[in-house]
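Data block below; observations after.
In the working numbering, the protein residues as written are 1 to 682.
Below is the structure:
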């Protein structure tokens, strides 16, 4: 971002995209009809029409207008090569307040009185100096706000606050505001700042005016160059006030504001000579800027020009992160001399492309993106690239446009997910999960799983774990298994991924043999990973390798207190039973894992297995649950829970596999004839 100062070099800045505040006077490229006025003399390659919406019968002659324009790379970096001309062909005073972030300029100009259409010319490779008197804009309408990064100590008096502003060289942003009322930084997230507000105060009558203010942390008010009020602290009231004798008419007003911490609050109020209370100084006292509408880009001597209008739709918050939805509309001069309708192709700079005059796009991470538009009409074509800086909309950060995962996820689900930048892939995965776009979720999760690296490990693991759980919860168990299978043995995700795969294989697919095969090399490689060892041992038992599995489980030192085992294990079992009754699989499984961590050898008794089978049942994997129940009953026939597990397995298969169900019932009768469950009708 560039800020242009008189007699100072251009400053490069970082920050969010900045439009205007509530006096908002510029709609970017908002559909002004193509202009027909003659082109200005000189080598001006580009212009945009700007229509000023004058308020009838309220023209003071000091009006200013401000326009944010997209340049599509057509501006010169210094920003000095702009001119503003009225439709009548006369230059008017103008000044570039900001360049950037990206390819955008903020232009302040004094429109010709009563003239609706003006043109902003830019891109001249060697622009001559502007005519004398037109290179600056006196601020006699509205308030010019300039914010800088605070350098050095805080101020405790008028002299020090002026020095603090002069000492702080890095400019954060400039804009026009309507009132001396601020509650946030409208440019970016920086907190330690010093700002100056300058304009003209219009007093309606002669007399004693009360001036009061509140600020965090300090502020100072000057009228006609004289210091009149020091605001030393931040109570939200009018205890800091003074009176000043003012004549009816215009008075220069300047306010400095320093903020070191907090909400960047500033309020300046007045009390009119004939009033008995303070009120916020109204916008009309400074002069209200007319609204403007910015038109399409025109390029000299070209029939076809690729231009775009960009609208910010909304931000979507998830996982302590924001993604952003924009609407892009192609616009510009009519297609060609033959009247052909242009066709439009978009490249958004993040691996994604689209076609059509109007498209919506979601950017998953902040940053600068080269958005390229190509327009084709017959044999003619034109391409332009707009460097778009994507971020939160700080100028409305107190009430930002909000979006929802379902809307953004629907768009991202249509992306070529393999071409997304690596930094965007985890956020795409999380967004698609929240939006319940399961087919696309599997695809992006597969990409993440197959990566050799390049993603922060904690984010990588958490994102894939959440995606896997979402796929399982949606009944896409095979999809979850494919995701974890895609993680290579040398991946930084191991052995985490192997344990996640084993959970799916054992407790959703009911395949102990495959689980043993999967975990065996990792169990040998990571002997200190107790969770891995415990799961491996459980799979061994269920795979009928009881001695080997039991040896591991009995050798493990659990996290629970041995002398309180009965009480703690019993409490955990009751908690799991409660979650089973509530149908809460996730919470039940979390408590089950906690039980096994505290007392690993309790697995061999059988009741924890019975509860796990019941959790599998309400997770709607009855066949897998039946296989686990049967496997444990066969592995541990002396367990007092073996009959109940066989009975449960038989019941679970009664409808889907009646032959197997009857065989299990017969096994129950033969092995445990004395058990009540073996009796007919039970």
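We put the CB at the ideal spot given by N, CA and C, even for glycine.
I need the straight-line Cα distance from residue 16 to residue 428, nearest angstrom please. Low confidence applies here, because residue 16 scores a pLDDT of 35, under 50, leaving its location unreliable; read the following figure in that light. When rounded, the distance between both Cα atoms is 22 Å.
Any non-hydrogen atom of the ligand ADP closer than 8 Å to residue 455 Cβ: Among the ligands in the structure shown, none appear at all, so the ligand ADP cannot be discussed.
Spatially closest choice to residue 416 from 119, 589, 350, 309, by CA coordinates: Ranking the options by Cα distance to residue 416, first place goes to 350.
The beta strand (DSSP E) that contains residue 161, what's its start and end? Unbroken run through residue 161 is the alpha helix (DSSP H), 158-167; no beta strand (DSSP E).
Within its chain, find whatever has a CB closer than 7 Å to the CB of residue 158; leave out the 5 residues flanking it on each side and keep chain order. Excluding sequence neighbours, residue 158 sits near 220, 227, 230.
What did DSSP end up calling residue 613 once you bin it into helix, strand or coil? The three-state secondary structure of residue 613, taken from DSSP, is helix.
Contact between the segment 123-140 and the segment 197-212: three or more CB pairs below 8 Å? As far as the Cβ criterion goes, the segment 123-140 touches the segment 197-212, which means the pair count is three or higher.
I'd like the span of the beta strand (DSSP E) that includes residue 462, first residue to last. Counting along the chain, residue 462 falls outside any beta strand (DSSP E), though it belongs to the alpha helix (DSSP H) covering 457-473.
Alpha carbon to alpha carbon, how far is residue 439 from residue 462? Give it in angstroms, no decimals. Taking the straight line from one Cα to the other gives about 19 Å.
Looking only at C-alpha atoms, which of 109, 242, 515 sits nearest to residue 223? Residue 242 is the option with its Cα nearest to residue 223.
Rounding to the nearest angstrom, what Cα-Cα distance links residue 458 and residue 465 in this structure? The straight-line gap from Cα to Cα measures roughly 11 Å.
Could you tell me the distance, in whole angstroms, from the CA atom of residue 380 to the CA atom of residue 191? Taken atom to atom, the span from the alpha-carbon of residue 380 to that of residue 191 is near 50 Å.
Check whether residue 319 and residue 268 have beta carbons under 9 Å apart: In this structure, residue 319 sits away from residue 268, with a CB-CB distance that is not shorter than 9 Å.
Contiguous beta strand (DSSP E) assignments of at least 3 residues, all confined to the segment 48-90: For secondary structure counted as the beta strand (DSSP E) over 3 or more consecutive residues, the segment 48-90 holds these complete runs in sequence order: 65-70, 82-86.
What alpha helix (DSSP H) runs, 4 residues minimum, are completely inside the segment 600-669? 607-618, 622-635, 642-652, all fully within the segment 600-669.
Indicate whether residue 193 and residue 259 have their beta-carbon atoms separated by less than 9 Å. The beta carbons of residue 193 and residue 259 sit closer together than 9 Å.
Helix, strand or coil for residue 490, going by three-state DSSP, please let me know. In the three-state scheme derived from DSSP, where H, G and I count as helix and E and B as strand, residue 490 is classed as coil.
Inter-residue Cα distance where the pair is residue 641 and residue 489: So the alpha carbons of these two residues sit roughly 37 Å apart.
Kindly indicate which three-state DSSP category residue 214 falls into: helix, strand or coil? Residue state, collapsed to three classes: strand.
Can you tell me whether residue 358 is buried or exposed? The criterion is at least 16 other CB atoms within 10 Å of its CB, across all chains shown. Residue 358 is exposed by the Cβ-count criterion.
In whole angstroms, what separates the C-alpha of residue 584 from that of residue 473? Looking at the two C-alpha atoms, the distance is approximately 12 Å.
Separation of residue 622 from residue 676, as counted between CA atoms: Taking the straight line from one Cα to the other gives about 23 Å.
Less than 9 Å between the C-beta atoms of residue 182 and residue 265, yes or no? Result yes, Cβ atoms of residue 182 and residue 265 sit closer than 9 Å.
Applying the 10 Å Cβ sphere with the 16-neighbour rule, what's the burial state of residue 555? That one is exposed.
Since residue 323 sits in a beta bridge, which residues does DSSP pair it with? Per DSSP, 316.
Are the beta-carbon atoms of residue 510 and residue 667 separated by less than 9 Å? Note that the C-beta distance between residue 510 and residue 667 is not below 9 Å.
Selected residue, minimal CA-CA separation from residue 376, among 342, 537, 354: Residue 342 is the option with its Cα nearest to residue 376.
Answer with buried or exposed for residue 543, where buried requires no fewer than 16 other C-beta atoms within 10 angstroms of its C-beta. That one is buried.
Test item: CB-CB of residue 671 and residue 646 under 9 Å: With contacts defined as CB atoms closer than 9 Å, residue 671 and residue 646 qualify as a contacting pair.
Quick check: what's the CA-CA separation for residue 362 versus residue 467? Between residue 362 and residue 467, the C-alpha separation is close to 20 Å.
Within 10 angstroms of the Cβ of residue 643, are there 16 or more other Cβ atoms? Answer buried if so, exposed if not. The residue is buried, with at least 16 neighbouring Cβ atoms inside 10 Å.
Check whether the segment 521-540 touches the segment 593-612, counting contact only when three or more Cβ pairs, one atom from each stretch, lie closer than 8 Å. Output reads yes: the segment 593-612 touches the segment 521-540.
Where residue 402 and residue 432 are concerned, what is the direct C-alpha to C-alpha distance, given to the nearest angstrom? Straight across, the Cα-Cα distance linking residue 402 with residue 432 is about 17 Å.
Where residue 26 and residue 49 are concerned, what is the direct C-alpha to C-alpha distance, given to the nearest angstrom? Since pLDDT at residue 26 reaches only 37, below the 50 mark, its modelled position is unreliable, and no value is offered.
Complete beta strand (DSSP E) runs within the segment 94-143 (minimum length 3 residues, chain order): You should have 94-99, 104-109, 117-122.
Status (buried if at least 16 other CB within 10 Å, exposed otherwise) for residue 398: Exposed, by the Cβ-count rule.
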